[in-house]
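**Q** Our numbering puts the first residue of the sequence shown at 16, with every later residue one more than the last. Note that beta-carbon positions come from the ideal geometry of N, C-alpha and C, so glycine has one too. Got a structure for you, questions after.
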Amino acid sequence: MSGDFGGLLRQYRRRAGLTQEELAQRSGLSAHAISMLESGRRLPRLTSIARLAEGLGLPAADGEQLAASVQAEDAEEERPTAPPAPPPPAPDSVVPRLLPYAVADFTGRGTALTELTGRLRGPDPATVVISTIAGMGGIGKSTLAIEVAHRCRDDFPDGQLYVDLRGTTAPRDPGEVLSDLLGDLGVPPAAVPVRPEARAALYRSTLAGRRVLLVLDDARNAAQVRPLLPGTRGCGVLITSRSRLAALSGATRLDLGVLDDQEALALLTAVIGAERVAAEPAAAALIIRRCAGLPLAIRIAAARLASRPAWQLRTLADRLEGAHLLDEFTIEDVALRMNFQVSCEALETSGTAADRTAAQAFRLLGLWPGPFLELPAAAALLGLTEREVEPALEALVDAQLLENTSANRYTFHDLTRAYAYEQCLRHDPPRLREEAADRLLTWYLHSAANATDLMNPDQARAGFDRIPACPTALTFPDRPAAQLWCQRERENLGAAVALAAERPSVLSWVLPTSLMNYYVQYRHWADMFRAATLGLTAARRLGDQEAQAWTLIALSIGHRLLGRMPEALDTAREAMTMAELAQGEQAAQGAPVIGAAASLYASTLHVMERYEEAISWYETALPSLRAEGRLGKLAATLNNLGYAYNELGRYQEAITWYRRAIELLHEAPDPSPYGFVEATVLDSLGRAHHGLGELDLAGETLRAASDQRLQLGDQEGAATTLDRLGDVRLAAGERLAAREAWQRAAQCLTGRDHPLTATLRAKLDGASGGSSTSPEEPGVDTA
16 MSGDFGGLLR QYRRRAGLTQ EELAQRSGLS AHAISMLESG RRLPRLTSIA
66 RLAEGLGLPA ADGEQLAASV QAEDAEEERP TAPPAPPPPA PDSVVPRLLP
116 YAVADFTGRG TALTELTGRL RGPDPATVVI STIAGMGGIG KSTLAIEVAH
166 RCRDDFPDGQ LYVDLRGTTA PRDPGEVLSD LLGDLGVPPA AVPVRPEARA
216 ALYRSTLAGR RVLLVLDDAR NAAQVRPLLP GTRGCGVLIT SRSRLAALSG
266 ATRLDLGVLD DQEALALLTA VIGAERVAAE PAAAALIIRR CAGLPLAIRI
316 AAARLASRPA WQLRTLADRL EGAHLLDEFT IEDVALRMNF QVSCEALETS
366 GTAADRTAAQ AFRLLGLWPG PFLELPAAAA LLGLTEREVE PALEALVDAQ
416 LLENTSANRY TFHDLTRAYA YEQCLRHDPP RLREEAADRL LTWYLHSAAN
466 ATDLMNPDQA RAGFDRIPAC PTALTFPDRP AAQLWCQRER ENLGAAVALA
516 AERPSVLSWV LPTSLMNYYV QYRHWADMFR AATLGLTAAR RLGDQEAQAW
566 TLIALSIGHR LLGRMPEALD TAREAMTMAE LAQGEQAAQG APVIGAAASL
616 YASTLHVMER YEEAISWYET ALPSLRAEGR LGKLAATLNN LGYAYNELGR
666 YQEAITWYRR AIELLHEAPD PSPYGFVEAT VLDSLGRAHH GLGELDLAGE
716 TLRAASDQRL QLGDQEGAAT TLDRLGDVRL AAGERLAARE AWQRAAQCLT
766 GRDHPLTATL RAKLDGASGG SSTSPEEPGV DTA
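Have a look at this one:
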């Protein structure tokens, strides 16, 4: 039967490793005829069978089997089989093969390839199969589309069409494109209608009944594409665009992202060779990191290396770390900068107000080094309302110059940000740049202060009297909401500190010191040390003694929390000196910093086990702290004073100070913001009761402290308290209760690199005695 012949012919062709086009060339038949034979829509002539067998290089037995699969009465005819199919093209019809070459080093994109080829090769649909591939410039949309088209070309035997629509540079008119497509399909120029509507009708009629794959590359928008779509089933369409073409109905959309590190390394290796990559794996990793997963950037970097065999990979990696990053992504006529430029120019020449606003917004957004900006922060940067800014940001998203990772959150690709920053320096005057940065940093300062006020409502807010108000700054309904925002914005807060440090402004030291309470309470000690260092450098550059005192306080705490005790003491002593100088020049501003510096110096001596000296300095600090009226800071110092007595074995005196601290906190109209301080005092009080042998009181107090710390989300602090609770239970002879406390402590540290983990494991294994080896906590230091 003919079906047997078609299946056998396809089997032999694939066994020979030939495409339909290649077999057509060898046999002298057309590729269309071979497609019709394999599908069973046409029966072969005996002469055609002989030519096919010769083209396939079949042995005599296989050639006889191929001929025998066709009934003799049908073999001399070439008539259609049922059900009737549309009439095939005339023998001299043009079968276009217009796909550009597929790159030999194509790598990655496995999921996208599977999805796109699966749709094109699926069962005959009721409509034309349309798939769009959207993504930023240089992401590899065209490369992917062409690869998919080549893999599926045998499924479209009537031809493959390709059109560069030039959507990002000089968009082609659909009517002009239709004229070219008709010519590609064999329609004589004289037969092409003048009116675009008539051209579209003839185009659809010409494609009717044919299986043709159409690749429309670099579409500007849905309006440019619609007239070019086939009208009947059997055809497939692949469209690439920097726009998501949301208005194009009936299309399946694929948003193409960057390559992951493994795919990026595979692409680099494919171009420059495995030996060079294996010889310098660290340099290869740096190159990939600077390319940030953008295929065009990787290809340009790899091409530069391939054309310079004498270069080490480290040479290019070092150049990519330089200030002129985009200059390195250029080879011959391919430049990454030009790739971004065409998208920006499309916005600048657009007739819409949103696009014109977006063009300037794009440049100013390049000033921000953080990982993302949410809508309120972007509005602050641009000096507009959220309602004015959102259309501009969405226009940038549509142009693939900005990514919208979640509702109201926007982020740059690293190389796009580099281009935006470069363009901002080139086109926007310094005053405009300074004002934009000031607005954003002021917004972050006030938003962060509003959040940390809920963690410690009597923080010093040093230097805020020199900062303008910010009515658009965020406010928070409660502590959990404030905590969530701080944690979500943690990297951005660090970026804000770094940006502020570059500027000769009071923000350069106020911002890092205002974040001290957050960093301490949530144990982001490395962040705090980095921020304090930047703030101190800026304060010294300004020559501001009060600023230096506050940043030295923050830096000393950072040294101490990182275990650098000599440096912590030296810095605390310097903070005292600067505080005294500030008090001499500006008594009203100097008094708060004097109390904070004296308390810090005392707690540093305390950690160094110089308890008698520490007690003296704590007592020196108390009058200034009482005069300030900051309950949290005063309670923390009372706790630290008690802790020093505790370490001297003077437990009853320690308990007296602890109880004074708790009473002070309970006098507050709303004690809830002082939860961290109270939890620390309760932990200290439990230790003192343990020291006196009052095990029931110790256990009750430590249980309350651990519950409070867990409620506050302080997992590490809770682990420390639960470890002590286990020691108390063991001292009371309650081994099961001790083990339960240590298990809960270990659970709090799951997934964390904490020195207490090994101690807890030893206790749980029974390899340790009952004495506590929990890290010492000399109380709470706040500004």
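#1: Check whether the region 235-246 and the region 115-123 touch, using three or more Cβ-Cβ pairs below 8 Å as the test.
#2: Taking the alpha-carbon positions, what's the residue 490 to residue 462 distance?
#3: Check for me: the beta strand (DSSP E) holding residue 251 runs from which residue to which?
#4: Is the region 514-531 close to the region 547-566, with three or more CB pairs under 8 Å?
#5: Quick check on residue 149: does DSSP put it in helix, strand or coil?
#6: Under three-state DSSP, which class holds residue 322?
#7: By Cβ distance, which residues of its chain are closer than 6 Å to residue 562, with the 5 residues on each side in sequence left out?
#8: Can you name, in chain order, every residue of its own chain whose Cβ lies under 7 Å from the Cβ of residue 575, other than the five neighbours on each side?
#9: Using a threshold of 7 Å, state whether the C-beta atoms of residue 153 and residue 309 are closer than that.
#10: Note down, one range per segment and in chain order, each beta strand (DSSP E) of at least 3 residues found wholly within the region 386-455.
#11: Determine contact between the region 466-477 and the region 685-693, defined as no fewer than three beta-carbon pairs at a distance below 8 Å.
#12: Just to confirm the assignment: which complete alpha helix (DSSP H) runs, minimum length 4, are found wholly within the region 681-710?
#13: Suppose the cutoff is 8 Å on Cβ atoms and the five residues either side in sequence are ignored; what does the same chain contact list for residue 354 look like?
#14: What is the DSSP secondary structure of residue 170, counted as helix, strand or coil?
#15: Quick one, are the C-beta atoms of residue 182 and residue 235 less than 7 Å apart?
#16: If you reduce the DSSP assignment to three classes, tell me which class residue 175 lands in.
#17: Residue 92: buried (16+ other C-beta within 10 angstroms of its C-beta) or exposed?
#18: Grab the span of the alpha helix (DSSP H) containing residue 142 for me, first residue to last.
#19: Between 496, 44 and 459, which has its C-alpha nearest residue 530's C-alpha?
#20: CB-CB under 6 Å to residue 649, same chain, minus the five flanking residues each way: which ones, in chain order?
#21: Looking at the strands, I want to know which residues DSSP matches up with residue 464.
#22: Answer with buried or exposed for residue 705, where buried requires no fewer than 16 other C-beta atoms within 10 angstroms of its C-beta.
#23: Take residue 695 as the anchor and find which of 678, 732 and 713 has the nearest alpha-carbon.
#24: Output yes or no for whether 7 Å exceeds the beta carbon distance between residue 279 and residue 303.
#25: Taking residue 52 as part of the alpha helix (DSSP H), name the residues at either end of that continuous run.
#26: Are the Cβ atoms of residue 544 and residue 573 separated by less than 7 Å?
#27: Return the residue from the list 273, 328 and 63 that minimises the CA-CA distance to residue 287.
#28: Please classify residue 188: is it buried, with 16 or more other beta-carbons within 10 angstroms of its beta-carbon, or exposed?
#29: What first and last residue would you give for the beta strand (DSSP E) that runs through residue 241?
#30: Tell me residue 522's beta-bridge partners as DSSP assigns them.
#31: Hey, is the region 65-72 in contact with the region 38-57, meaning 3+ C-beta pairs nearer than 8 Å?
#32: Does DSSP put residue 114 in a helix, a strand or coil?
#33: Check the C-beta distance from residue 651 over to residue 636 and give it rounded, since I have them as a contact under 8 Å.
#34: What do you get for residue 497, buried or exposed, if any count of 16 or more other CB atoms within 10 angstroms of its CB means buried?
#35: Taking the alpha-carbon of residue 23 as reference, which of 44, 42 and 49 has the nearest alpha-carbon?
#36: Are the CB atoms of residue 377 and residue 416 within a distance shorter than 7 Å?
**A** Let me spell this out:
#1: As far as the Cβ criterion goes, the region 235-246 does not touch the region 115-123, which means the pair count is below three.
#2: So the two alpha carbons sit approximately 7 Å from each other.
#3: In this chain, the beta strand (DSSP E) harbouring residue 251 covers 251-256.
#4: Cβ pair count under 8 Å is three or more, so yes.
#5: In the structure shown, residue 149 sits in a strand (DSSP, three-state: E or B).
#6: DSSP, read as helix, strand or coil, puts residue 322 in coil.
#7: Contacts found: 524 and 554.
#8: Within the same chain, residue 575 has close Cβ partners 583, 619 and 622.
#9: Going by C-beta atoms, residue 153 is nearer than 7 Å to residue 309.
#10: Counting only runs of 3 or more residues that sit fully inside the region 386-455, the beta strand (DSSP E) segments are 418-421 and 424-426, in chain order.
#11: These segments touch.
#12: Runs of the alpha helix (DSSP H) lying entirely within the region 681-710, each at least 4 residues long, are 690-706 in chain order.
#13: Once the five neighbours on either side are set aside, the close Cβ partners of residue 354 are 152, 153 and 311.
#14: In the structure shown, residue 170 sits in a helix (DSSP, three-state: H, G or I).
#15: Cβ atoms of residue 182 and residue 235: closer than 7 Å.
#16: Note: residue 175 maps to strand in three-state DSSP.
#17: Since pLDDT at residue 92 reaches only 39, below the 50 mark, its modelled position is unreliable, and no value is offered.
#18: Unbroken run through residue 142: none, as it is neither H nor E.
#19: Checking every option, the nearest Cα to that of residue 530 belongs to 459.
#20: By the criterion of a C-beta distance shorter than 6 Å, residue 649 is surrounded in its chain by 640, once the five residues flanking it on both sides are discounted.
#21: Its beta-bridge partners do not exist; DSSP assigns none.
#22: Residue 705 should be labelled buried.
#23: The option with the nearest alpha carbon to residue 695 is 732.
#24: Taking 7 Å as the cut-off, the Cβ atoms of residue 279 and residue 303 count as close.
#25: That run of the alpha helix (DSSP H) goes 46-54.
#26: Yes. Within cutoff.
#27: When only C-alpha atoms are compared, the closest one is 328.
#28: Under this definition residue 188 is an exposed residue.
#29: Segment: none, residue 241 is in no beta strand (DSSP E) and carries neither H nor E.
#30: In DSSP, residue 522 forms no bridge with anything.
#31: Segments in contact, yes.
#32: Residue 114 falls in the coil class under three-state DSSP.
#33: Not quite, the Cβ-Cβ distance comes to about 11 Å (not below 8 Å), so this is no contact.
#34: Residue environment analysis places residue 497 among the buried positions, since at least 16 neighbouring C-beta atoms fall within 10 angstroms of its C-beta.
#35: When the alpha-carbon of residue 23 is set against those of 44, 42 and 49, the nearest one is in 49.
#36: Going by beta carbons, residue 416 and residue 377 fall inside the 7 Å limit.
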